[in-house]
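Undergrad:
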Amino acid sequence: MMGSGCQSLWRASATDAPQLRALEGSHQVDVVIVGGGFTGLSTALHLAKEGIAVLLLEADELGYGGSGRNVGLVNAGVWLEPDLLDKQLGKEAGRQMYDALAVAPEFVFKLIEEYSIECEATRNGTLHAGVGQAGLAQLERRFAQLKQRGAPVSLLAAKDAQARIGSDKFNGALFDPRAGTIQPLSYVRGLAKAAIKEGAKLFECSPVTGLTSSQGNWLVKTPHGEVTTSKVILATNAYCQHGVANQSSKFVPIAYSQLASQPLTSSQLAQVLPNKEGVWDTCTVMSSFRLDLRGRLIFGGMGAEGRVLSNWASQRVRELFPSLGELAWEYSWTGNIAYSADHLPHCQQLKDGLLSISGYSGRGIGPGTVMGMELAQWITGQREMLSVPMTKLKDIPFREIQRIFYELGAQTYHLGQKVHVLR
Ligand SMILES: Cc1cc2nc3c(=O)[nH]c(=O)nc-3n(C[C@H](O)[C@H](O)[C@H](O)COP(=O)(O)OP(=O)(O)OC[C@H]3O[C@@H](n4cnc5c(N)ncnc54)[C@H](O)[C@@H]3O)c2cc1C
Numbered sequence: 002m003m004g005s006g007c008q009s010l011w012r013a014s015a016t017d018a019p020q021l022r023a024l025e026g027s028h029q030v031d032v033v034i035v036g037g038g039f040t041g042l043s044t045a046l047h048l049a050k051e052g053i054a055v056l057l058l059e060a061d062e063l064g065y066g067g068s069g070r071n072v073g074l075v076n077a078g079v080w081l082e083p084d085l086l087d088k089q090l091g092k093e094a095g096r097q098m099y100d101a102l103a104v105a106p107e108f109v110f111k112l113i114e115e116y117s118i119e120c121e122a123t124r125n126g127t128l129h130a131g132v133g134q135a136g137l138a139q140l141e142r143r144f145a146q147l148k149q150r151g152a153p154v155s156l157l158a159a160k161d162a163q164a165r166i167g168s169d170k171f172n173g174a175l176f177d178p179r180a181g182t183i184q185p186l187s188y189v190r191g192l193a194k195a196a197i198k199e200g201a202k203l204f205e206c207s208p209v210t211g212l213t214s215s216q217g218n219w220l221v222k223t224p225h226g227e228v229t230t231s232k233v234i235l236a237t238n239a240y241c242q243h244g245v246a247n248q249s250s251k252f253v254p255i256a257y258s259q260l261a262s263q264p265l266t267s268s269q270l271a272q273v274l275p276n277k278e279g280v281w282d283t284c285t286v287m288s289s290f291r292l293d294l295r296g297r298l299i300f301g302g303m304g305a306e307g308r309v310l311s312n313w314a315s316q317r318v319r320e321l322f323p324s325l326g327e328l329a330w331e332y333s334w335t336g337n338i339a340y341s342a343d344h345l346p347h348c349q350q351l352k353d354g355l356l357s358i359s360g361y362s363g364r365g366i367g368p369g370t371v372m373g374m375e376l377a378q379w380i381t382g383q384r385e386m387l388s389v390p391m392t393k394l395k396d397i398p399f400r401e402i403q404r405i406f407y408e409l410g411a412q413t414y415h416l417g418q419k420v421h422v423l424r
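Counting in the working numbering, the sequence shown runs from 2 upward without gaps.
Pasting the structure below:
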């Protein structure tokens, strides 16, 4: 059942945003960042900390993109299994990226502590829940690879997974104690306040509409202002707007939607995720669930918002947690995930002094925050390379067809589950 006020829970429950203006007049700085999500804000924060004059331009409001819409699972590593990472990048580069992102949750939670960011930070780990025998086999493979690299993960048998999740529908779960959950939009706003505190200048409602280079400098234009700089970082991921150095041909945008219930009662809360881990499953058409600070159940699935998805979500929650009864969904929202061809984020040096970082493929809280720090170190000469590949990405062929294929696949899957239930 859908409540009346269908909007994002994160927007409704976030901490106050910093009061920002739109850019006006002419400015000159060392670095301009385009995009106010985790990547852009972390880069701004870490550059400002090093005394670099940095200015960030956000087309809409901070967190308008994936950073304000995601599930809030602060996971270690990337989507790919560690062995696949080695296979794709080579052993040395794979290991370097693995090591950098294995500690990403630690980095995020430390930053939250350092700047006293109020964002419902809960570091109780996450559970990757196995659906069916194939799901369990996937978890066993991941577990072996992670253990081999020294990760403190554990593989829970079905009975233990049931106790942790509150549902008997999973064949096991991979528990990662390094991970946790946050209120993502509050984290965005906290990062912004930290960046401002360190001296970064941030502007909202300032879409970059023009980008031209001349004699080693870039002129960055917005509707009411302009900035001269020697370096521009495009941190726009799946939300490139206004066609400026548009990188959208390098990834497939996949919709992922979430619904949040009314706060559960204390007896309901005792039955679902008693330790408050965040969960996502092994299905190809993935779903996720977690609780927020007020005890709302937040359920997500691949595909665009709408009746098919919300009916399926209600049905799936009834299957997973029959004792909860019928939940009313009070919030719903959608975001686009940027799936790159190899499911890895890439940093591209598009031209001299023009960099772009994108393609997080659904895991960008830790990686975006860490990459922001690494970019700042790279710009200030403290590191030679980033931990993500620094390669030019090729255009993804038939990108729109792939997007439609994923969307139709998700809808068919959700409808199929419904039909199965109605029989
Ligand atoms: C529904 C969903 C669920 C997810 N769940 C998780 C999760 O649980 N855990 C996890 O780790 N990751 C998750 N992700 C991925 C993660 O949210 C993203 O990888 C991450 O937010 C990317 O951050 P970013 O700063 O690079 O880009 P974004 O947050 O997308 O920010 C890009 C910004 O650039 C701005 N912009 C674009 N064009 C211009 C312009 N011309 N001028 C000025 N500004 C511009 C946009 O308005 C936008 O605000 C999820 C993503 C989605 C969509």
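The C-beta atom is built at its ideal place from N, Cα and C for all residues, glycine as well.
Just so it is clear, the structure is predicted and the values come from calculations on it, not from any experiment.
Assuming I387 contacts V228 under a Cβ cut-off of 8 Å, what Cβ separation, rounded to an integer in Å, is found between them?
TA: Locating residue 387 in the sequence shown gives position 386, where the first residue counts as 1. Locating residue 228 in the sequence shown gives position 227, where the first residue counts as 1. The sequence as given places Leu at residue 387; Ile does not occur at that position. No, L387 and V228 are not in contact; Cβ-Cβ is about 24 Å, not under 8 Å.
Undergrad: What's the C-alpha gap between Q378 and V233?
TA: Mapped onto the sequence shown, residue 378 falls at position 377. Mapped onto the sequence shown, residue 233 falls at position 232. If I take the Cα positions, the gap works out to 15 Å.
Undergrad: So P346 and M372 are in contact, right, with Cβ under 8 Å, and what is the actual spacing, rounded?
TA: Counted from its first residue, the sequence shown places residue 346 at position 345. Counted from its first residue, the sequence shown places residue 372 at position 371. Right, their Cβ atoms sit about 7 Å apart.
Undergrad: Look at the Cβ atom of A196, then the Cβ atom of A49, and state whether they are nearer than 8 Å.
TA: As a first step, residue 196 is located in the sequence shown; it is residue number 195 there, counting from the start. As a first step, residue 49 is located in the sequence shown; it is residue number 48 there, counting from the start. In this structure, A49 lies closer than 8 Å to A196 by Cβ.
Undergrad: Is DSSP giving A411 helix, strand or coil here?
TA: Here residue 411 is taken as the residue at index 410 of the sequence shown, counted from 1. A411: helix per DSSP, three-state reduction.
Undergrad: One question on the structure: do Q259 and V72 come within less than 8 Å of each other, judged by their Cβ atoms?
TA: Here residue 259 refers to the residue found at position 258 of the sequence shown. Here residue 72 refers to the residue found at position 71 of the sequence shown. Yes, they are a contact pair.
Undergrad: Candidates Q248, S43, K170, A339: which alpha carbon is nearest K393's?
TA: Residue numbering aside, residue 393 sits at position 392 when the sequence shown is read from its first letter. For the residues Q248, S43, K170, A339, the minimum Cα distance to K393 belongs to Q248.
Undergrad: Span of the beta strand (DSSP E) holding E115?
TA: Position 114 of the sequence shown, counting from 1, holds the residue named residue 115. First-last for E115: 105-115, but that is the alpha helix (DSSP H), not the beta strand (DSSP E).
Undergrad: Nearest by alpha-carbon distance to P398: which of A342, T370, D61, S289 is it?
TA: For this step, residue 398 is matched to residue 397 along the sequence shown. When only C-alpha atoms are compared, the closest one is A342.
Undergrad: Using 10 angstroms around the beta-carbon of G6, count the other beta-carbons present and answer buried if the total reaches 16, otherwise exposed.
TA: Reading the sequence shown from its first residue, position 5 is the one you call residue 6. With a pLDDT of 47 at G6, under the threshold of 50, the predicted position of this residue should be treated as unreliable, though the coordinate-derived value follows. Counting Cβ neighbours within 10 Å, G6 comes out exposed, since fewer than 16 surround it.
Undergrad: Tell me the start and end of each unbroken beta strand (DSSP E) in the stretch 107-173 that is at least 3 residues and wholly inside, in chain order.
TA: Listed in chain order, the complete beta strand (DSSP E) runs (minimum 3 residues) inside the stretch 107-173 are 127-131, 155-158.
Undergrad: Sorry if obvious, but does the Cβ on V389 come closer than 7 Å to a heavy atom of ligand 1?
TA: Working through the sequence shown from its first residue, we reach residue 389 at position 388. Checking the Cβ of V389 against ligand 1 gives no.
Undergrad: Counting C-beta neighbours from all protein chains within 10 Å, is the total for P323 16 or more, i.e. buried, or is it exposed?
TA: Translated into the one-based positions of the sequence shown, residue 323 becomes position 322. Counting Cβ neighbours within 10 Å, P323 comes out exposed, since fewer than 16 surround it.
Undergrad: Ligand 1 and E59: does the residue's C-beta get closer than 7 Å to at least one heavy atom of that ligand?
TA: Within the sequence shown, the letter at position 58 stands for residue 59. E59 Cβ: within cutoff of ligand 1.
Undergrad: Are K436 and S214 close, meaning C-beta to C-beta below 8 Å?
TA: Residue 436 lies beyond the range of the chain shown here (2 to 424); nothing can be said about it.
Undergrad: Roughly how many angstroms separate the alpha carbons of A152 and F176, rounded to a whole number?
TA: Here residue 152 corresponds to residue number 151 of the sequence shown, with the count starting at 1. Here residue 176 corresponds to residue number 175 of the sequence shown, with the count starting at 1. Approximately 11 Å between the Cα atoms of the pair.
Undergrad: Return helix, strand or coil for A261, following the three-state DSSP convention.
TA: For the purposes of this step, residue 261 is taken as the residue at position 260 of the sequence shown. Strand, per DSSP.
Undergrad: Assign E385 to one of three DSSP states: helix, strand, or coil.
TA: For this step, residue 385 is matched to residue 384 along the sequence shown. Looking at E385 - three-state DSSP - the assignment turns out to be coil, as it is neither helix nor strand.
Undergrad: For R297, report the span of its beta strand (DSSP E) as first-last.
TA: If you number the sequence shown from 1, residue 297 lands on position 296. First-last of the beta strand (DSSP E) with R297: 297-303.
Undergrad: Touch check for the stretch 266-275 and the stretch 78-92: three-plus C-beta pairs under 8 Å?
TA: At 8 Å Cβ cutoff, the stretches do not touch.
Undergrad: Rounded C-beta distance between Q184 and C120? I'm assuming under 8 Å.
TA: The count along the sequence shown starts at 1 and reaches residue 184 at position 183. The count along the sequence shown starts at 1 and reaches residue 120 at position 119. Between C120 and Q184 the Cβ distance is about 5 Å, and since that is below 8 Å, they are a contact.
Undergrad: Could you give the residue range of the beta strand (DSSP E) that holds K222?
TA: The sequence position of residue 222 within the sequence shown is 221, counting from 1. Counting along the chain, the beta strand (DSSP E) containing K222 begins and ends at 218-223.
Undergrad: In whole angstroms, what is the alpha-carbon distance linking G296 and A261?
TA: Numbered from 1 along the sequence shown, position 295 holds the residue referred to as residue 296. Numbered from 1 along the sequence shown, position 260 holds the residue referred to as residue 261. The straight-line gap from Cα to Cα measures roughly 10 Å.
Undergrad: What's the call for I255, buried or exposed, on a 16-neighbour Cβ count within 10 Å?
TA: As a first step, residue 255 must be located in the sequence shown, where it is residue number 254. Buried, by the Cβ-count rule.
Undergrad: Using 8 Å as the Cβ pair cut-off and three pairs as the minimum, do the stretch 196-205 and the stretch 124-139 touch?
TA: The stretch 196-205 is not in contact with the stretch 124-139.
Undergrad: Does the distance between the C-beta of A239 and the nearest non-hydrogen atom of ligand 1 fall short of 7 Å?
TA: The residue you call residue 239 lines up with position 238 of the sequence shown. For ligand 1, at least one heavy atom lies less than 7 Å from the Cβ of A239.
Undergrad: Tell me which residue opens and which closes the alpha helix (DSSP H) that D282 is part of.
TA: To locate residue 282, count along the sequence shown from 1; it is residue 281. Careful: D282 lies outside any alpha helix (DSSP H), inside the beta strand (DSSP E) at 279-282.
Undergrad: Going by the C-beta, is S249 closer than 7 Å to any heavy atom of ligand 1?
TA: Your numbering for residue 249 matches position 248 in the sequence shown. It does not: the Cβ of S249 is nowhere closer than 7 Å to a heavy atom of ligand 1.
Undergrad: According to DSSP, simplified to helix, strand and coil, what is W379?
TA: Counting from 1 along the sequence shown, the entry for residue 379 is found at position 378. W379: helix per DSSP, three-state reduction.
Undergrad: Here's the rule I'm using: 16 or more other beta-carbon atoms within 10 Å means buried, otherwise exposed. How should S333 be labelled?
TA: Locating residue 333 in the sequence shown gives position 332, counting from the first residue. S333 comes out buried.
Undergrad: Assess contact between the stretch 11-21 and the stretch 214-225, defined as three or more Cβ pairs (one per stretch) separated by less than 8 Å. Is contact present?
TA: Flag = no, the stretch 11-21 and the stretch 214-225 do not touch.
Undergrad: Spell out the partners DSSP gives E227 in its beta bridges.
TA: If you number the sequence shown from 1, residue 227 lands on position 226. Its beta-bridge partners are S27, K222.
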